[in-house]
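**Q** Let me give you the structure first, and then I'll get to my questions.
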Amino acid sequence: VLIWVRAINSAGCVTVGSFSLVLGQVPFTDIPVAYTECDNDGDGMADFDLNAQSSEISGGSLGVSVTYYASQADAELPGTPLGNPYTSSGELVWVRVEHNITGCYATGSFDLVVTPPPVIFEPSALVYCDDDNDGFGSFTLTDADSQVVGGNPSGSLVVSYHYTLPDAQNGVEPLPSPYLNDVPFSQRVYVRLFDQSTGCYSTTELLLEVVE
């Protein structure tokens with residue numbers, strides 16, 4: 014809508030101008046019900062990359078800003094946004110999607126959910142009787158699987174064995190079974206227990222012993 018303005022001063026001089034009233038649209042939002050992260054260190058907390066949700070929430074729209082807040086009041090004002098990554102034990106967070114030009118905005122909320130890691134048990138050492146006393150032997154690592162899961166028959170649990178702890182944490186470079194130890198007589202390898210239903214994991218160690 015075009016609005017015309019007439020201004021007159023005390024001397025009777027007149028100026029006429031105009032401006033437009035523009036009805037801006039509220040930005041599109043597709044806010045998830047929940048955002049889940051794993052508590053892989055077992056402290057009840059998890060780091061949430063809130064910005065990773067922004068593209069989905071805004072539908073990939075250009076020219077909008079997505080920010081996150083601890084309360085609805087902060088999202089409406091807006092107040093001080095949450096940091097990123099955001100560490101939480103699980104809570105409701107608010108999101109504000111604002112058009113950068115018109116200032117029109119929409120708000121909504123979703124849950125941060127911290128999922129516990131699967132329960133893992135450190136297995137007993139695997140022992141190889143060394144006939145030639147050279148300190149090396151062949152170990153069937155999968156013999157420890159049932160102890161690692163504590164007898165849990167869940168089909169969603171996957172056990173793997175790794176040379177280093179970072180490999181186990183990242184789920185890369187699993188060791189073959191049987192495995193030939195490369196540290197004579199006594200070697201530790203790392204066990205990863207991955208829950209396919211939650212995407213969370215736990216780690217522990219397995220001792221390989223070569224007995225003369």
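Count along the sequence shown from 1, add 13, and you get the number used in this note's numbering. Note that CB positions come from ideal geometry on N, CA and C, so glycine has one too. Computed from a predicted model, the values in this text were never measured in an experiment.
1) Have a look at L63, L125, L90, D43 and flag the residue whose alpha-carbon is nearest the alpha-carbon of E69.
2) Quick check: what's the CA-CA separation for F134 versus L206?
3) Using 8 Å as the threshold, is the stretch 101–113 in touch with the stretch 153–173, meaning 3 or more CB pairs across them?
4) First and last residue of the alpha helix (DSSP H) that includes S215?
5) Roughly how many angstroms lie between the CA atoms of V196 and H175, to the nearest whole one?
6) Could you pull the start and end residues of the alpha helix (DSSP H) that D87 belongs to?
7) So L206 is in the beta strand (DSSP E); what residue range does that whole segment cover?
8) Distance, Cα to Cα, V161 vs D60?
9) Look at the alpha carbon of E229 and the alpha carbon of L139, and state the distance between them as a whole number of angstroms.
10) Under the three-state reduction of DSSP, which class applies to D124: helix, strand or coil?
11) Taking its Cβ as the centre, do 16 or more other Cβ atoms sit within 10 Å of D208, making it buried, or is it exposed?
12) Judging by CA-CA distance, which residue of S215, F32, S33, A47 is the nearest neighbour of V171?
13) Would you report the Cα separation of W17 and V27, rounded to the nearest angstrom?
14) I believe G103 touches V132 by the beta-carbon criterion, under 8 Å. Please report the beta-carbon distance rounded to the nearest angstrom.
15) Could you spell out where the alpha helix (DSSP H) holding L178 opens and where it closes?
16) Let's test the definition: count the other Cβ atoms within 10 Å of the Cβ of A65 and tell me whether it reaches 16, buried, or not, exposed.
17) Going by DSSP, name the residue or residues bridged to A47.
18) Taking the alpha helix (DSSP H) that S173 falls in, what are its first and last residues?
**A** According to the data block:
1) D43
2) 9 Å
3) no
4) Not the alpha helix (DSSP H): S215 falls in the beta strand (DSSP E), residues 213–224.
5) 14 Å
6) 85–89
7) 199–208
8) 27 Å
9) Because the chain in this structure spans residues 14 to 225, residue 229 falls outside the shown range and cannot be described.
10) strand
11) buried
12) S215
13) 13 Å
14) At roughly 19 Å, the Cβ-Cβ gap does not stay under 8 Å, so G103 and V132 are not in contact.
15) 178–183
16) exposed
17) D124
18) Note, S173: premise wrong, no alpha helix (DSSP H); beta strand (DSSP E) at 170–175.
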